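Numbering (our numbering), first residue to last: 7 to 361. Please read the structure below before turning to the comments.
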């Protein structure tokens with residue numbers, strides 16, 4: 007059936023992209039009462055291999071994530087609203103215990119936890135509690151307001167929801183079929199007031215947005231099975247170890263700007279295993295190795311905003327490894343920019359690359 011046969015009225019927006027970014031946009035517009043058409047094809051997005059951890063602290067340097075407080079204030083209400091529509095759990099509030107490697111790092115943790123910008127997130131009292139199977143002689147630093155988004159459940163259940171509403175097409179968007187009009191856009195019989203591209207690394211082939219300096223970053227993770235490991239928290243050392251389900255755990259992740267393709271590598275597998283064995287003392291088996299190319303940006307800020315020439319064409323990209331944390335607030339900001347005339351933060355507005 008041709009799409010023009012049953013989508014005959016003007017939509018508020020077409021959304022292109024099936025990862026966390028596209029899914030979050032679909033929900034943001036839906037929760038605001040807007041009619042959409044969402045294109046989510048079967049290409050493997052980086053979100054499909056993301057553990058979905060949200061964390062307001064850069065734990066390698068003990069520094070705050072950009073706009074962490076603002077992002078957290080939006081994150082939980084947004085995902086819990088979505089849970090109500092999906093009738094399933096997707097958000098899990100889980101503490102992160104940062105494994106402290108030596109006394110010097112412990113001292114640094116305590117000192118930085120007293121800074122005004124970090125005090126809400128870093129507990130100043132370190133934890134000295136034995137966790138069977140985890141080697142941590144110097145204890146842990148507790149990070150507040152953390153957890154993980156079940157990205158696979160979020161995306162797949164959302165696809166099913168919008169499919170039932172006839173607001174989703176699982177097919178590849180064809181750029182040459184898009185017509186940009188003065189009062190909207192038209193695509194193969196669908197008319198909409200706006201179109202928003204949230205395609206991840208596919209932006210390189212987008213004729214309107216391929217000028218944006220996207221940098222791919224390859225990430226690889228493992229899913230392991232470790233019977234007997236009773237872990238109620240996410241342990242972050244040189245890699246993170248996160249409880250998943252049925253004695254299974256996520257282990258990750260690698261970050262590489264040099265890669266040949268998006269396939270899993272032996273090198274990354276061995277790296278993750280080497281780091282994991284420095285603190286996990288129980289036997290385990292590898293269930294799966296996953297890999298993908300994250301859409302990261304040159305300045306580590308999202309690409310959000312309106313095209314410099316076409317006011318009906320917008321970008322929502324570059325969420326990188328923090329998509330589950332960034333996307334709810336960023337989508338809310340883009341909505342307000344489009345419909346309420348709000349100004350986007352200059353750090354994320356794609357206008358910063360107009361020159």
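For every residue, glycine included, the Cβ atom is placed at its ideal position computed from N, Cα and C. This one's a predicted model, so the numbers in the text were calculated from it and none came from an experiment.
According to DSSP, residues forming a beta bridge with residue i
| i | result |
| --- | --- |
| residue 82 | Residue 82 pairs with nothing; no bridge assigned. |
| residue 249 | 255 |
| residue 229 | 256 and 294 |
| residue 323 | 309 |
| residue 154 | 59 and 98 |
| residue 147 | 104 |
| residue 223 | 300 |
| residue 44 | 21 and 174 |
| residue 140 | 286 |
Counted within 10 angstroms of its Cβ, other Cβ atoms place residue i as buried (16 or more) or exposed
| i | result |
| --- | --- |
| residue 95 | exposed |
| residue 200 | buried |
| residue 134 | exposed |
| residue 85 | buried |
| residue 181 | exposed |
| residue 77 | buried |
| residue 166 | exposed |
| residue 183 | exposed |
| residue 234 | exposed |
| residue 284 | exposed |
| residue 306 | exposed |
| residue 324 | buried |
| residue 56 | buried |
| residue 19 | buried |
| residue 36 | buried |
| residue 83 | exposed |
8 angstroms contact criterion, which residue i and residue j should meet: CB distance rounded
| i | j | result |
| --- | --- | --- |
| residue 309 | residue 218 | 5 angstroms |
| residue 16 | residue 264 | Not a contact, Cβ separation roughly 45 angstroms. |
| residue 47 | residue 24 | 6 angstroms |
Cβ-based neighbour list, residue i, same chain, cut-off 8 angstroms, excluding 5 preceding and 5 following
| i | result |
| --- | --- |
| residue 216 | 209 and 210 |
| residue 311 | 320, 321, 340, 343, 350, 354, 355, 356 and 357 |
| residue 129 | 119, 147, 148, 149 and 150 |
| residue 185 | 191, 192 and 193 |
| residue 360 | 314 |
| residue 109 | 144 |
| residue 221 | 263, 302, 303 and 304 |
Contact check, residue i vs residue j, beta carbons under 8 angstroms
| i | j | result |
| --- | --- | --- |
| residue 43 | residue 237 | no |
| residue 282 | residue 257 | yes |
| residue 113 | residue 154 | no |
| residue 231 | residue 104 | no |
| residue 330 | residue 225 | no |
| residue 229 | residue 294 | yes |
| residue 159 | residue 27 | no |
| residue 157 | residue 58 | yes |
| residue 260 | residue 278 | yes |
| residue 240 | residue 97 | no |
| residue 301 | residue 207 | yes |
| residue 71 | residue 338 | no |
| residue 168 | residue 32 | yes |
Residue i at chain D interface by Cβ criterion, 8 angstroms
| i | result |
| --- | --- |
| residue 218 | Of the chains in the structure shown, none is chain D; there is only one protein chain. |
Beta-carbon proximity list for residue i, same chain, < 7 angstroms, skipping 5 on both sides
| i | result |
| --- | --- |
| residue 345 | none |
| residue 269 | 297 |
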